[in-house]
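Read in order, the letters of the sequence shown correspond to residues 91 to 496 in my numbering. Every residue gets a Cβ at the ideal spot worked out from N, C-alpha and C, and that includes glycine.
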Amino acid sequence: MNPANRREVLTGLALGAGTLLGARAAAAGEVEPSRAPGWGGTDPGPRNLGREMQNPDIINPPATDHGTLPNLRFSYADSHIRQESGGWTRQITERELGISKSIAGVNMRLNAGGIRELHWHKEAEWAYMLYGNARITAIDAMGRNFVDDVGVGDLWYFPSGIPHSIQGLDPDGCEFLLVFDNGGFDEDSTFLLSDWIKHVPPEVLAKNFGASAELFSHTPDPSALYIFKAPVPPPLGPGKLLGAASVPQSFSHKMLAQEPIRTKSGTVRITDSSNFPVSKTIAAALVEVDPGGLRELHWHPNADEWQYYIEGEARMGVFASSGQARTFDFRAGDVGYVPFAMGHYIENTGTSTLRFLEMFKSSYYADLSLNQWLALTPPDLVRAHLHIDDQEIKVFRKEKIPVVPA
Ligand code: MN
Ligand code: MN
Numbered sequence: 091m092n093p094a095n096r097r098e099v100l101t102g103l104a105l106g107a108g109t110l111l112g113a114r115a116a117a118a119g120e121v122e123p124s125r126a127p128g129w130g131g132t133d134p135g136p137r138n139l140g141r142e143m144q145n146p147d148i149i150n151p152p153a154t155d156h157g158t159l160p161n162l163r164f165s166y167a168d169s170h171i172r173q174e175s176g177g178w179t180r181q182i183t184e185r186e187l188g189i190s191k192s193i194a195g196v197n198m199r200l201n202a203g204g205i206r207e208l209h210w211h212k213e214a215e216w217a218y219m220l221y222g223n224a225r226i227t228a229i230d231a232m233g234r235n236f237v238d239d240v241g242v243g244d245l246w247y248f249p250s251g252i253p254h255s256i257q258g259l260d261p262d263g264c265e266f267l268l269v270f271d272n273g274g275f276d277e278d279s280t281f282l283l284s285d286w287i288k289h290v291p292p293e294v295l296a297k298n299f300g301a302s303a304e305l306f307s308h309t310p311d312p313s314a315l316y317i318f319k320a321p322v323p324p325p326l327g328p329g330k331l332l333g334a335a336s337v338p339q340s341f342s343h344k345m346l347a348q349e350p351i352r353t354k355s356g357t358v359r360i361t362d363s364s365n366f367p368v369s370k371t372i373a374a375a376l377v378e379v380d381p382g383g384l385r386e387l388h389w390h391p392n393a394d395e396w397q398y399y400i401e402g403e404a405r406m407g408v409f410a411s412s413g414q415a416r417t418f419d420f421r422a423g424d425v426g427y428v429p430f431a432m433g434h435y436i437e438n439t440g441t442s443t444l445r446f447l448e449m450f451k452s453s454y455y456a457d458l459s460l461n462q463w464l465a466l467t468p469p470d471l472v473r474a475h476l477h478i479d480d481q482e483i484k485v486f487r488k489e490k491i492p493v494v495p496a
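Put into C-alpha cells, the structure is as follows:
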C-alpha cells in the first residue's frame with residue numbers, strides 16, 4: 091500500500107471508529123468508505139468485508155477517479171471450476187468479464203500423467219507455464235510434428251485449428267494459463283477426438299481407416315476424457331518425432347529465460363512474433379515491479395491489454411478520456427483488462443515483488459510512454475500546456491523506462 095493510500099485507510103478507520111457515535115465500531119483493519127473526515131461515511135449495513143479489504147481503491151477510490159467505466163477486473167477465485175479425473179480447469183471469457191471481447195483466458199491444472207485430450211479449436215492458443223512440467227504435442231497441416239517438454243516460465247502457441255495435447259509430467263504435473271485470441275472462446279466447446287469418433291457412423295469409421303468398425307468400439311465417452319488420468323510418459327528420447335520433419339517454427343518458447351529490460355525497480359520481458367515467430371496473434375510482456383515501484387503511465391497503440399497477475403499486490407489506474415478514470419486492485423490469480431488506447435499505470439502496493447503478464451491480440455508488442463512523449467515534444471509546446479518553467483521541464487526523459495522507482 092502506498093503512503094497516500096495508507097493515509098486514506100487510516101483516515102477511514104478513525105472516522106469509522108470514533109467520529110460517528112452510534113455507528114457500528116470498525117473492526118481492526120476494517121476499511122470504511124470515507125476518503126477524508128466529513129466525506130463519505132461508515133458502512134453500517136451488510137458488508138462482504140473480505141472482498142472490500144482486497145479492494146481498497148474500490149471502497150476508497152483516489153479523488154482523481156471519476157465517471158463510469160466498465161468492470162476491468164475478474165478473479166479466477168470467482169470462476170467456476172470444472173473438475174475431472176486428471177485435474178481441473180476454469181475460464182475467464184467475455185461471459186465473466188464483459189469488456190473482454192478480444193481475449194479469453196483459461197487456468198488449468200493437470201496432475202502428474204493427467205492429459206488434456208487431443209483436440210483443436212478455432213482460436214489460436216497461447217500459454218504460460220505457472221507451475222511444474224508438461225509435455226505438449228501437435229502436428230501442422232503439412233504433416234510435420236512437434237513434441238516438447240515445458241516448465242515454469244515457458245510458453246507455447248498453437249495457431250488456430252492446429253490439433254494438440256497437453257500432459258502433466260513428474261513430479262507433480264503442471265498448472266498453466268491459456269490465452270485465446272477471441273473473448274467468446276469456450277473451453278467446453280473445443281473439438282475433441284472422442285467426441286468426433288462418437289458421432290461418426292461405425293461403417294464410415296471403418297471405411298475411413300480401412301479397418302474393422304470394432305477398432306473404435308472401445309473409445310470412451312467424451313465425458314470420461316477431456317482432462318483424464320493416465321500414466322506419466324517416459325522421458326523424451328532422441329526419436330521423439332514420429333514424422334519426417336518437425337514444424338519449421340517452434341510452438342514453444344522460453345520467455346522467463348529471455349534477458350529482460352532492467353530498470354532500477356523492475357524488469358520487462360517482451361515476447362511477440364519478432365522473437366517467437368509462430369505467435370502471430372498474441373504479443374506479451376512479463377513485468378516484475380519491486381515494492382513501491384510503478385509500471386509507468388503509458389498506453390498501447392495497437393490492441394486491448396489482458397492481464398494475469400502471478401504474484402504480489404497491485405493497483406491499476408485507467409484513464410478512459412472524457413474525464414473518466416477508475417482504479418482497480420489486483421493480486422495473484424486476478425485478471426485485469428485495459429481497453430484499446432486507454433492510458434494506465436500499475437503500482438506495486440504490496441511488500442513483495444509484483445509479477446504479472448500483459449497480453450495483446452497482436453503480432454507485435456508496442457507501448458507509448460507519457461514521459462517519453464513529453465521529452466520528445468518541443469519544450470515550448472509542452473510548457474504551454476503544463477505551465478512549467480525551463481528547469482522543471484528537464485524532468486522528462488527521452489529514454490523509455492517502463493518500471494520506475496518508488
Ligand atoms: Mn487447446
Ligand atoms: Mn499496459
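Cβ pair residue i, residue j closer than 8 Å
i, j, result
"Val485", "Gly383", "no"
"Tyr435", "Ala375", "no"
"Phe248", "Ile193", "no"
"Lys297", "Gly251", "no"
"Arg199", "Gly263", "yes"
"Asp244", "Ser342", "yes"
"His254", "Ile226", "yes"
"Tyr398", "Leu162", "no"
"Glu174", "Phe318", "yes"
"Tyr218", "Leu267", "yes"
"Gly258", "Ala202", "yes"
"Ile182", "Pro160", "no"
"Glu378", "Gly356", "yes"
"Glu293", "Tyr221", "no"
"Ala404", "Asn438", "yes"
"Ser425", "Gly157", "Note that residue 425 corresponds to Val in the displayed sequence, not to Ser. No."
"Leu315", "Ser279", "no"
"Val386", "Ile491", "The sequence given here has Glu at residue 386, not Val. Yes; because the gap between Cβ atoms is below 8 Å, this pair is in contact."
"Val337", "Arg234", "yes"
"Ala410", "Met432", "yes"
"Ala373", "Ile400", "no"
"Gly177", "Gly135", "no"
"Lys191", "Gly273", "yes"
"Thr132", "Glu142", "no"
Per DSSP, the bridge partner or partners of residue i
i, result
"Ser497", "No answer is possible for residue 497: the residues shown for the chain start at 91 and end at 496."
"Trp66", "Absent from the structure is residue 66, since the part of the chain shown begins at 91 and ends at 496."
"Met449", "Ala374 and Trp396"
"Ile436", "Arg385 and Met406"
"Gly356", "Thr353 and Val379"
"Ser175", "Per DSSP, none; premise fails for Ser175."
"Gly222", "Cys264"
"Asp238", "Ile226"
"Thr361", "Ala374"
"Met198", "Thr179 and Phe266"
"Ser190", "Note: Ser190 sits in no beta bridge, so no partner."
"Phe70", "The requested residue 70 is not part of the displayed model; the chain covers only 91 to 496."
"Tyr427", "Trp396"
"Thr158", "Looking at the DSSP assignment, Thr158 forms no beta bridge with any residue, so it has no partner."
"Phe210", "Before going on, a small fix: residue 210 reads as Trp here, not Phe. Partner(s): Phe281."
beta-carbon residue i near ligand 1 non-hydrogen atom, thresh 7 Å
i, result
"Glu174", "no"
"Thr371", "no"
"Thr280", "yes"
"Glu215", "yes"
"His475", "no"
"His59", "The question about residue 59 has no answer, for the chain in this structure spans 91 to 496."
"His254", "yes"
"His308", "no"
heavy atom of ligand 2 below 7 Å from residue i C-beta
i, result
"Val240", "no"
"Val428", "yes"
"Glu395", "yes"
"Asp285", "no"
"His434", "yes"
"Asp457", "yes"
"Glu437", "no"
"Glu186", "no"
"Glu386", "no"
"Glu448", "yes"
"His390", "yes"
Proximity test, Cβ basis, 8 Å: residue i and chain C
i, result
"Leu460", "Of the chains in the structure shown, none is chain C; there is only one protein chain."
Residue i beta carbon near ligand 4 (any heavy atom closer than 7 Å)
i, result
"His289", "Ligand 4 is absent from the structure shown, which contains only ligand 1 and ligand 2."
Inset, instruction - Give a yes or no on contact between the stretch 389-407 and the stretch 446-466, applying the rule of three or more CB pairs nearer than 8 Å. - result: yes
Inset, instruction - May I ask you to verify whether the stretch 228-241 touches the stretch 361-369, counting CB pairs closer than 8 Å and requiring at least 3? - result: no
Legend entry - Touch test, the stretch 465-477 against the stretch 428-445, Cβ-Cβ under 8 Å, three pairs minimum: no
Inset, instruction - Report yes or no: do the stretch 414-429 and the stretch 134-149 share at least 3 C-beta pairs separated by less than 8 Å? - result: yes
Inset, instruction - Only counting runs of 4 or more residues, tell me where the alpha helix (DSSP H) segments fall wholly within the stretch 281-312, in order along the chain. - result: 283-287 and 292-299
Legend entry - Segments of 4+ residues assigned as alpha helix (DSSP H) that fall wholly inside the stretch 468-494: 469-476
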